[in-house]
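Presented below is the structure to which this report refers.
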Amino acid sequence: MQTHEIRRRFLDHFVKAGHTEVASASLILDDPNLLFVNAGMVQFKPYFLGQQTPPYATATSVQKCVRTGDIENVGVTTRHNTFFQMAGNFSFGDYFKQGAIKHAWALLTSSQEDGGYGFDPERLWVTVYLDDDEAHGIWRDEIGIPEERIQRRGMADNYWSMGIPGPCGPCSEIYYDRGPEFGIDGGPEADEDRYLEIWNLVFMQNERGEGRGKDNFEIIGPLPKQNIDTGMGVERVAFLLQDVDNVYETDLVRPVITKAEELSGCAYGSDDTSDVRFRVIADHARTAVMLIADGVNPGNEGRGYVLRRLLRRIVRSARLLGAEKPSMAEFVTVVRDTMSESYPELTTDFDRILGVAVGEETAFRRTLDAGEKRFEVEAGEIAAAGKKVFGGNEAFVLHDTYGFPIDLTLEMAAEAGLSVDEDGFRALMTEQRQRAKEDAQSRKHAHADLSIYKEFVDRGETEFTGFNELNTEATV
Ligand code: ATP
Ligand code: MG
Ligand code: MG
Ligand code: MG
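Structure representation (structure tokens):
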């Protein structure tokens with residue numbers, strides 16, 4: 001079943017059950033706690049927090065999500081995209097645990113002829129929070145899942161909150177057993193690669209007080225109104241229903257791998273290191289396109305830095321696979337072709353999106369070669385001297401002169417079996433920022449004091465902007 005169809009069936013299922021279909025919010029919402037929207041519930045936060053009254057009692061959406069925390073997992077695990085689509089159903093004081101569980105089960109297990117996904121119920125496992133006997137009882141007695149396939153998990157896995165005082169509550173998650181060839185027995189508690197998490201049901205029933213993180217806070221008491229927030233990974237369902245090996249080989253992601261094979265002359269599936277690079281390109285190209293479409297531009301901090309890092313990882317990965325020529329335009333085009341059915345703005349805004357992505361590629365390619373050579377010489381010397389640490393000063397030069405985000409240096413160092421003196425690097429960054437500030441100060445004075453102004457002009461420095469676009473990543 002194609003990804004577009006998986007989306008459509010989800011929305012249809014919940015609309016049929018009376019939910020209002022709500023469009024995805026932009027990846028960028030004005031939320032001080034979030035760089036990017038990372039879950040379906042984000043656009044509904046004011047309703048869950050009781051700040052606004054929802055215009056509907058139940059809703060459903062397929063939300064664009066970006067999780068930068070998963071960047072290191074991309075291509076390495078089978079299941080983490082940096083961009084993915086989270087399908088969700090939401091109840092604002094309407095149905096609660098029983099309704100959420102029954103809806104999810106019906107959609108997952110009803111046959112494809114009947115509009116469902118047709119999963120074999122025997123292969124589904126569920127988890128509930130430690131003391132959530134209510135959810136446990138519904139799964140066992142009303143749905144009929146044998147007790148052996150219901151696991152109880154603690155705060156870190158099965159208790160949800162926003163990380164701040166506000167609503168919180170236990171979760172229940174649904175996993176699919178891919179089979180013994182993919183890992184060990186024992187359910188999701190034992191192996192989250194064999195048992196693939198597909199759907200998280202959050203039961204907002206309590207109020208969270210002060211505290212820290214995911215598992216160290218006070219629970220004040222029950223909420224006056226109970227809410228439901230769920231999230232199903234569309235790409236994960238596609239991974240299973242399309243019978244492929246991971247989320248990068250699904251219908252909307254794999255075509256970029258095919259393009260990268262064509263441009264590099266290297267075949268996907270020939271060795272593990274290259275395969276990770278193929279998957280990184282496919283995943284990141286999609287994320288970069290979706291971010292640019294929502295208005296992000298490459299930059300030196302915050303969101304812009306994330307985008308820059310994604311684009312530069314694509315450029316480097318393609319080069320390492322053997323693609324000599326620029327390839328960004330081709331990747332971006334494939335993403336448009338696969339994704340525009342659900343996101344038509346990728347077609348209408350294509351020229352701008354393409355321009356931003358290719359601009360970054362051009363800038364980075366200008367110095368990538370030289371920077372890599374410089375890295376290799378330095379890494380070679382360190383190895384020859386029997387040392388294991390890549391110097392902060394060298395990392396700074398790579399950053400300052402060659403436009404290498406620190407994460408890229410960290411990655412390359414790790415590949416070469418080295419660590420990086422990050423403290424040293426950061427100290428130099430701070431110094432540079434300080435100098436830039438002082439410079440700006442003296443430039444201000446220069447306007448008042450013509451003799452200094454003239455000196456600047458004579459040295460020609462104020463006009464030199466050649467490296468600016470490559471110069472700094474403030475977020476380090
Ligand atoms: P995991 O444990 O696999 O990292 P999660 O517990 O972090 O997933 P949730 O926060 O519960 O995920 O999000 C709800 C659903 O969104 C998940 O059950 C999964 O189907 C999907 N999902 C989460 N992260 C990703 C991702 N990086 N790529 C693709 N789908 C994802
Ligand atoms: Mg996760
Ligand atoms: Mg999980
Ligand atoms: Mg989860």
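Going by UniProt numbering, the letters in the sequence shown line up with residues 1 to 476, in that order.
By construction, the Cβ of each residue, glycine as well, lies at the ideal position given by its N, Cα and C atoms.
Among Val202, Phe84 and Val335, nearest to Tyr159 - alpha-carbon criterion: For the purposes of this step, residue 159 is taken as the residue at position 159 of the sequence shown. Of Val202, Phe84 and Val335, the residue nearest in Cα terms is Val202.
Straight-line Cα distance separating Val289 from Val335: Counting from one through the sequence shown, the residue named residue 335 turns up at place 335. Counting from one through the sequence shown, the residue named residue 289 turns up at place 289. Their Cα atoms are separated by approximately 7 Å.
contact_flag[the region 339-347, the region 435-443] where n(CB pairs < 8 Å) is 3 or more: no
Delimiting residues of the alpha helix (DSSP H) encompassing Pro167: As a working mapping, residue 167 is identified with position 167 in the sequence shown. Pro167 -> not in any alpha helix (DSSP H); beta strand (DSSP E) instead, spanning Gly166 to Asp177.
Euclidean distance between Cα positions of Asp449 and Ala436: Position 449 of the sequence shown, counted from the first residue, corresponds to residue 449. Position 436 of the sequence shown, counted from the first residue, corresponds to residue 436. Legend: pLDDT at Asp449 = 39, less than 50; position of this residue unreliable, no value from coordinates given.
Residue span of the alpha helix (DSSP H) that contains Thr347, given as start and end: Position 347 of the sequence shown, counted from the start, is the residue given in the question as residue 347. Segment Glu345 to Thr348, the alpha helix (DSSP H) holding Thr347.
CA-to-CA distance, Arg236 to Arg178, given in whole angstroms: Residue mapping note: residue 178 aligns to position 178 of the sequence shown, counting from 1. Residue mapping note: residue 236 aligns to position 236 of the sequence shown, counting from 1. Their backbone Cα atoms lie some 12 Å apart in a straight line.
Asp70 beta carbon near ligand 2 (any heavy atom closer than 7 Å): Walking along the sequence shown from the start, residue 70 turns up at place 70. Because some heavy atom of ligand 2 lies under 7 Å away, the Cβ of Asp70 counts as near it: yes.
Whether residue 491 touches Phe390 by CB criterion (8 Å): Outside the shown range of the chain, which is 1 to 476, sits residue 491, and nothing can be said about it.
Classification of Gly154 by the beta-carbon crowding that lies within 10 angstroms, buried from 16 upward: As a position in the sequence shown, residue 154 is number 154, starting the count at 1. It is exposed - the Cβ of Gly154 has fewer than 16 other Cβ atoms within 10 Å.
Phe14, buried or exposed, once every other Cβ within 10 Å from all chains shown has been counted against 16: One-based indexing of the sequence shown puts residue 14 at position 14. Buried, because 16 or more other Cβ atoms sit within 10 Å of the Cβ of Phe14.
Cα-Cα separation, Leu291 to Gly355: Within the sequence shown, the letter at position 291 stands for residue 291. Within the sequence shown, the letter at position 355 stands for residue 355. Those two C-alpha atoms are separated by around 14 Å.
Inside the region 342-418 only - alpha helix (DSSP H) runs reaching at least 4 residues: 345-348, 350-384, 392-402 and 406-415
Beta-bridge pairing of Gly211 - partner residues as DSSP gives them: Here residue 211 refers to the residue found at position 211 of the sequence shown. Answer is Phe217, bridged to Gly211.
Run of the alpha helix (DSSP H) containing Ile281, from where it starts to where it stops: Stepping through the sequence shown from its first residue, residue 281 is reached at position 281. Element bounds for Ile281: Asp272 to Ala293.
DSSP bridge partner residues for Val420 (one or two, in chain order): Counting from one through the sequence shown, the residue named residue 420 turns up at place 420. DSSP lists Phe390 as the beta-bridge partner residues of Val420.
Length of the line joining the Cα atoms of Gly211 and Ala156: The sequence position of residue 211 within the sequence shown is 211, counting from 1. The sequence position of residue 156 within the sequence shown is 156, counting from 1. Near 14 Å, if we compare the C-alpha coordinates of Ala156 and Gly211.
Euclidean distance between Cα positions of Glu207 and Arg7: Taking the first residue of the sequence shown as position 1, residue 207 is located at position 207. Taking the first residue of the sequence shown as position 1, residue 7 is located at position 7. Roughly 32 Å separates the two Cα atoms.
Test item: CB-CB of Ala100 and Thr20 under 8 Å: By 1-based counting over the sequence shown, the position of residue 100 is 100. By 1-based counting over the sequence shown, the position of residue 20 is 20. No; because the gap between Cβ atoms is not below 8 Å, this pair is not in contact.
Bridge-paired residues (DSSP) for Ser61: Locating residue 61 in the sequence shown gives position 61, where the first residue counts as 1. Bridge partners of Ser61: Gly88.
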